[in-house]
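S.K.: All the letters of the sequence shown, read from the start, carry residue numbers 274 to 744 under this note's numbering.
First the structure, then my questions, so here it is.
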Amino acid sequence: MDSLQFPESFAWGAATAAYQIEGGWDTDGKGRNIWDTFTHQGGDRVFKNQTGDVACGSYTLWEEDLKCIKQLGLTHYRFSLSWSRLLPDGTTGFINQKGVDYYNKLIDALLTMNVTPLVTLYHFDMPQAIEDQGGWTSEKTVEVFEKYAHFCYSTFGDRVKLWITINEPYVFSKLSYEQGLLAPGKGEPGVGAYQSGHNMLKAHAKAWHTYNTFFKEKQKGLVSIALDSDWAEPLDPNSVDDKEACERYLTFRLHWFAKPIFIDGDYPAVMKSEISRKSKAEGLTTSRLPEFTDDEKSMIKGTADFFCLNYYTTRKVIPLKQRGPSYDSDMGAEGIKDPEWPESGVEWLAVVPWGLRKLLAYIKDTFGDPNIYITENGFAQSDPPILQDTHRWGYFQETLVEVLKAINQDGVKVKGYFAWSLLDNFEWNSGYSIRFGLFHVDFNQPNLPRTPYFSAIQYAKVVKGNELISK
Ligand code: BGC
C-alpha cells in the first residue's frame, strides 16, 4: 500500500447550494426566487414536478448538517446565500433580518467547529423581482448584484474570508437563457446566454472591486468566481478538424469567462470573430456577442484572488455543423462520451478522473498558475441509491489520486477539494431522482434523516489523515 499524503493545510470540504437544500421557501419573510416560480409552474420541467419547497429542510435542520460536517471532519464548508431570503425583492431597500439571523447562526457555528466557510453569493437563484426586470440578461442587474455583494460583505465579512461571487456562469447562462431548461426557462438561442454571461462578468468584476476597495484591508478575505469546465480531447488526435473543434470547445466553455478574468479583460478572439461573422451572415448589424468597452476590460481583468474549478466530466470532441443562431453552432463543436467510460448515476456524468488532472495542468499553464480550489466534484447515484456505494467511493479515490498527481508531478497549486455534495438534494431538473450526497437524505420522512454513505465514511478517513491510501 502506498501512502499518498496531501500538502499541509489542504482544504477538505463539501459543497451545497441554498435552493438545493434549504427548503423554507416562503418562511420568515423570504422573497420568491426564480426556482420557486419555475417549480410551481409545473409542466414537467422538473422530474415529477418536484420542488425545493422543503428540500433537505436545512433552513430548520441546519444543525443536522453541522453534524454531518463534523462527522466528515471537514476543514471547509461551501454553501450559498439565498439572495431573496436576505433581500426579498433583491434590493437593499428591505433587509429580511430573519434571513440574516439564519446565516449568522450557521457561520458562527461553523467557526466554533473550526470549519472555514466558503460562501457563494449567487448559485442559480435570482430573486423573482430582479428576474422580472430582465435578470441576468439586463444590464441593470450588474448594479443590483454589486449592492447585494456589498451588503453581504458588510454583514458577514467580519467572519467569512472566502467568497465566490457567482457559481458557474457558463451552466447558468447556457441552460437558462439559451436552452430555457433551468429557471427562469427563457431560452433565446444564440443571444440570451451571451447577454447573461456579459452581465455576469461585469457583476462579478464590480463585486470583486467593491470588496477590494471597501473591505479587503480590514477583512483580509479573498474573492473569486466558480468556473466549471469539462476536460476535452479531439476524438481523433490526428484529425486537424477534431483538434480545432476541441480548442473551440474549451474556448467557448472555459476561456469565455476565464480569459477576461485571468488574462486580459476581453473575450477570446475566436469567440468574437466567429459570432460576429455569423451574426453578419444572419443580416444583423452588430454581433450577438456584446462587446466590452476599454474601461470595462480594465475593470474585469485580474478580478479573482484564486481559481475555483467545478469539474465533473470529460468529452471527446468533433466538429459540429449546425445552422441557425445558437451557442452550439457558433462553437461548431460537439462533445461526445467515450463508451468505455463508466457512467455515474446520471447520463451526462461519464467518470473520467484523469480528465481532472489534465484540466488542472491546462489551467496552470493557460491562466497564470493560480492557486486552485476544486470547488465541486462528485458522482451521483440514481434513485434508489445504495448506502454501501463502494463503486462511487472508487471514483472519488481515483479522482483524488489524479489531484495528487497534479500537485506532485505537474506542480499545480491545488489548495483544496470540495465534494459535491454534502447531502442528497434537489438536483435542479432531475429533482430528487439523482443523488449526489455524501449523506443520504430520506425525503419520505418528515424529519429528513441524514445517513452517511460508505463514501462519507471513507472520505472522513482521508480528511482525518490528510492522505489517501491507495492499492
Ligand atoms: C452545480 C450544482 C449541481 C451539480 C451537479 C453543478 O453544475 O453547481 O448545483 O447540483 O453541478 O449537477
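Idealized CB from N, CA, C, for every residue including glycine.
1. DSSP three-state label for V417, please.
2. Using 6 Å as the cut-off, classify the Cβ of N225 as near or not near the heavy atoms of the ligand BGC, replying yes or no.
3. DSSP state of Q654, grouped into three classes?
4. Looking at T414: is its Cβ nearer than 7 Å to the Cβ of N472?
5. What first and last residue would you give for the beta strand (DSSP E) that runs through P592?
6. Pick helix, strand or coil for W356, following the three-state DSSP scheme.
7. Determine the direct distance from the alpha carbon of L394 to that of C425, and round the result to whole angstroms.
8. Is V625 near the ligand BGC - that is, is its Cβ less than 6 Å away from at least one heavy atom of it?
9. Counting along the chain, where does the beta strand (DSSP E) carrying A606 start and finish?
10. Please return the same chain residues whose Cβ sits closer than 6 Å to the Cβ of S552, not counting the five positions on each side in sequence.
11. Mind checking which residues open and close the beta strand (DSSP E) that includes S497?
12. In this structure, does DSSP put N583 in helix, strand or coil?
13. How about A623 and W614: are their beta carbons less than 7 Å apart?
14. Does the distance between the C-beta of V714 and the nearest non-hydrogen atom of the ligand BGC fall short of 6 Å?
15. If you draw a straight line from the C-alpha of D374 to the C-alpha of G330, how long is it?
16. Touching or not, the segment 635 to 649 and the segment 686 to 702, by the rule of three or more beta carbon pairs under 8 Å?
17. Helix or strand or just coil, what does DSSP make of A422?
18. Specify, as a first and last residue, the run of the beta strand (DSSP E) that L629 falls within.
19. Assuming D539 contacts F580 (C-beta within less than 8 Å), just tell me the rounded distance between them.
20. Return yes when at least one heavy atom of the ligand BGC lies under 6 Å from the C-beta of V444, else no.
21. Where does M274 sit, in a helix, a strand or coil, going by DSSP?
22. Closer than 6 Å: is that where the CB of N306 sits relative to any heavy atom of the ligand BGC?
23. Going by DSSP, what residues sit across from E506 in a beta bridge?
24. Along the chain, where does the alpha helix (DSSP H) that runs through P442 open and close?
25. With the cut-off set at 7 Å, would you say Q401 and I294 are in Cβ contact?
26. Below 6 Å CB to CB, which residues in the same chain sit around W335 once its five sequence neighbours on both sides are set aside?
27. With the cut-off set at 7 Å, would you say I536 and H477 are in Cβ contact?
28. According to DSSP, what are the bridge partners of T724?
29. Taking 6 Å as the cut-off, does the CB of E441 come closer than this to any heavy atom belonging to the ligand BGC?
30. Measure the alpha-carbon distance for G296 versus K303 and round it to whole angstroms.
31. Excluding sequence positions up to five away, which residues of its chain have a Cβ less than 6 Å from the Cβ of Q492?
32. Kindly indicate which three-state DSSP category T393 falls into: helix, strand or coil?
33. State the Cα-Cα distance for the pair G704 and F320, rounded to the nearest angstrom.
34. What are the boundary residues of the alpha helix (DSSP H) that includes Y375?
35. Under 6 Å from any heavy atom of the ligand BGC, does the C-beta of A287 make it?
36. By DSSP, does K744 sit in helix, in strand, or in coil?
M.R.: Let's see:
1. helix
2. Residue 225 lies beyond the stretch modelled for the chain, which goes from 274 to 744, so this question has no answer here.
3. strand
4. yes
5. 587 to 592
6. helix
7. 8 Å
8. no
9. 606 to 609
10. S560, R561
11. 495 to 501
12. strand
13. yes
14. no
15. 17 Å
16. yes
17. helix
18. First-last for L629: 626 to 639, but that is the alpha helix (DSSP H), not the beta strand (DSSP E).
19. About 19 Å; that fails the 8 Å criterion.
20. yes
21. In this predicted model, M274 has a pLDDT of only 44, less than 50, meaning its place in the structure is not dependable; the value taken from the coordinates is given anyway. Coil, per DSSP.
22. no
23. K589
24. 442 to 445
25. no
26. L379
27. no
28. H713
29. yes
30. 11 Å
31. G430
32. strand
33. 5 Å
34. 370 to 385
35. no
36. Residue confidence is low: K744 scores 47 on pLDDT, short of 50, so the model does not pin down where it sits. Its coordinate-derived value is still stated next. Three-state result, K744: coil.
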